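Scroll down for the structure; my scribbles are underneath it.
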Amino acid sequence: MTQEMQERAATVRMAAVVTAVFMLSNSTTPLYVHWQARLGFSSGMLTVVFALYIAGLLGTLLVAGPLSDRYGRRPVLLPGLIAALLACGLFAGAASVAMPAAGRLLAGIAVGVIVSAGMAAVVDAGGAQGRRRASLLASVAMVLGAGLGPLLAGALAQALARPVIPIFAVEALVLFGALAVVWRLPARPLAADGSFRLRLPQVQAAKRRHVLCGIAAFGPGITATSFVLALGPSLLARLLGVRSPLLAGGMACAMFFAAAGVQFAVRQWPVARIFAAGTAATVLAMAGLALAIHAAWAPALVACALLAGAGQGLGQLGGFTLIGLHVPDSHRAQANAVLNIGGYIPAGLLPVATGYLIDAVGLAAGATSFALALTMVSLMGGAWATRRTGA
């Protein structure tokens with residue numbers, strides 16, 4: 077086997093690890109309405125449970141990137157996969173709101189490890205000549221897993237009277253496969269020998285513009301998909317009268333498949349053009365959300381999900397491509413961490429604020445306010461990122 081073939085195979089294996097963990101990240105989406113009815117909590121608490129995932133992710137990103145760049149990918153990835161397996165156990169046995177909440181926190185920790193050390197490991201495996209291809213594969217692996225998780229959960233929830241344990245048993249098997257891949261990675265450190273002090277993730281001054289452009293385009297897109305994941309099933313059930321876990325999971329799956337497909341379609345585009353297209357998709361997604369709410373039309377909500385997925389996928393691809401092309405190996409995990417911190421902060425805060433606003437003013441008014449706010453943020457961030465990247 078030639079070196080290029082070995083690098084391609086290693087890249088695919090590491091991308092599969094990314095997919096496995098992201099399957100867990102959204103596998104709870106079709107179950108939120110089920111848990112909300114059985115355990116009895118409000119829309120505000122539902123968004124808090126969802127956002128605990130982002131809290132765990134952000135906290136992990138503060139340390140996982142620097143540790144991975146210093147000590148290597150394997151010592152950081154292994155604890156992340158163990159956290160994912162513990163989350164499976166908590167979801168499977170959920171008897172109170174505290175258990176899915178703790179599971180979401182642990183799932184966020186696992187994803188925080190993956191989007192810093194795991195995504196960097198995919199690009200590492202691609203070699204010096206395959207960075208752009210590996211960046212695409214890493215990004216697609218992320219959204220592919222994010223889509224497969226809710227599709228699997230929704231299908232099992234539709235077919236089985238007691239689906240929760242089977243859902244997370246299957247996910248645990250997938251994660252054990254990922255654990256076997258990571259166990260075979262070399263444990264060697266990446267940074268030069270010398271004293272090491274744990275610091276917040278940092279980006280070299282000359283490379284900060286690339287990461288900031290990625291945040292400005294990626295943040296609105298992932299905020300749109302976070303809203304669909306957290307409150308999309310409630311919109312279907314309460315506003316549109318559709319109570320189907322398979323449809324809720326299928327909508328989330330289609331959203332992330334759209335995110336994956338659009339990345340393949342535009343992979344040769346200049347990054348500035350990718351950012352402009354991502355902004356347009358996110359704005360159109362918010363228009364679809366408003367139409368779904370005020371016309372009580374379920375297809376418009378599905379269109380919103382597909383466009384939101386495209387917006388996230390395009391912003392994500394542009395951001396990871398800039399990092400893959402411009403940031404050296406020894407700082408790449410930290411740059412990935414900074415990109416995701418910048419994207420996930422609004423993705424956590426805005427849906428939670430919207431959840432409590434919905435409790436106060438109603439589902440239609442709260443969701444419409446979210447659509448208007450995100451449209452403005454997306455237009456401003458996307459215009460800036462497109463202009464600076466094209467400069």
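Just so you know, the sequence shown maps onto residues 77 to 467 in the numbering used here.
The C-beta atom is built at its ideal place from N, Cα and C for all residues, glycine as well.
As the structure is a computational prediction, the values presented were derived from the model and not from experiment.
6 Å CB neighbourhood of Ala217 in its chain, flanking five on each side removed: Ala91, Val94, Thr95
Does the distance from the C-beta atom of Ala381 to that of Val219 stay below 8 Å? no
Check whether the Cβ atoms of Ala196 and Arg149 lie closer than 8 Å to each other. yes
Report yes or no: do the segment 423-432 and the segment 443-456 share at least 3 C-beta pairs separated by less than 8 Å? yes
Looking only at its own chain, which residues have a Cβ that is under 7 Å from the Cβ of Ala248, when we skip the five neighbours before and after it? Leu161, Cys164
Give the single residue among Ala386, Ala186, Leu439 whose Cα lies nearest to the Cα of Ala372. Leu439
Cβ neighbours of Val88 in the same chain (closer than 8 Å, five flanking residues each side left out): Leu213
How is the alpha helix (DSSP H) around Gly169 delimited, first residue to last? Where Gly169 is concerned, there is no enclosing alpha helix (DSSP H), given that its DSSP letter is neither H nor E.
Alpha helix (DSSP H) containing Ile185: first to last residue? 174-189
Cα-Cα separation between Gln339 and Val359, rounded to whole angstroms: 18 Å
Excluding five sequence neighbours on each side, which residues of the same chain lie with their C-beta closer than 6 Å to the C-beta of Phe126? Ala306
Test item: CB-CB of Gly194 and Leu133 under 8 Å: no
Cβ distance (whole Å) where Gly419 is taken to contact Ile291 below 8 Å: 6 Å
Is Gly253 buried or exposed, if buried means 16 or more other CB atoms sit within 10 Å of its CB? exposed
Assign Ser172 to buried or exposed, taking buried as 16 or more other Cβ atoms, counted over all protein chains shown, within 10 Å of its Cβ. exposed
Hey, would you say Ala293 sits closer than 8 Å to Gly400, going by beta carbons? no
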